[in-house]
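Take a look at the structure set out below.
Structure follows, in structure tokens:
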């Protein structure tokens, strides 16, 4: 995952949950974010489908990063507040692709819609993410 923002105390991505499931952030801005995850056995459920939690995790991570990069310079942080994922079609191989588009930019919440697709550009999941925007915690 590539971060183009300078956050103090950021944990290296390889050591985070996003690193564990293989998130590759391709681009992000205050308007849109793109990412992908290569399919491998570690992210499949026992029936061979990519686990639904991976879809939800991708959406939360990319929308949080995109929101944070916009609000951090103003002393604010961003974290997931609500994640509503609708599963439409399974992904069993290849790559999981995600595109998030911001739908609302408020003072305390941002709302994003995320489309999850497979390698054939078929819509596999739709996610509505609400991101909370809050003041950065004070240093202890």
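Numbering (our numbering), first residue to last: 2 to 141.
Backbone N, C-alpha and C fix where the C-beta goes; we use that ideal spot for every residue, glycine too.
In this structure the region 78-86 does not touch the region 23-31; the number of beta carbon pairs closer than 8 Å is below three. By the Cβ neighbour-count rule, residue 97 is buried, with 16 or more other Cβ atoms within 10 Å of its own. Sequence-distant partners of residue 76 (beyond 5 residues in either direction) whose C-beta falls short of 7 Å from its own C-beta, in its chain, are 136, 137.
Per DSSP, the beta bridge partners of residue 87 are 127.
In the three-state reduction of the DSSP assignment, residue 39 falls in the strand class. Exposure of residue 93 is indicated by the presence of fewer than 16 other C-beta atoms within 10 angstroms of its C-beta. Per the coordinates, the alpha-carbon of residue 15 lies some 16 Å from the alpha-carbon of residue 44.
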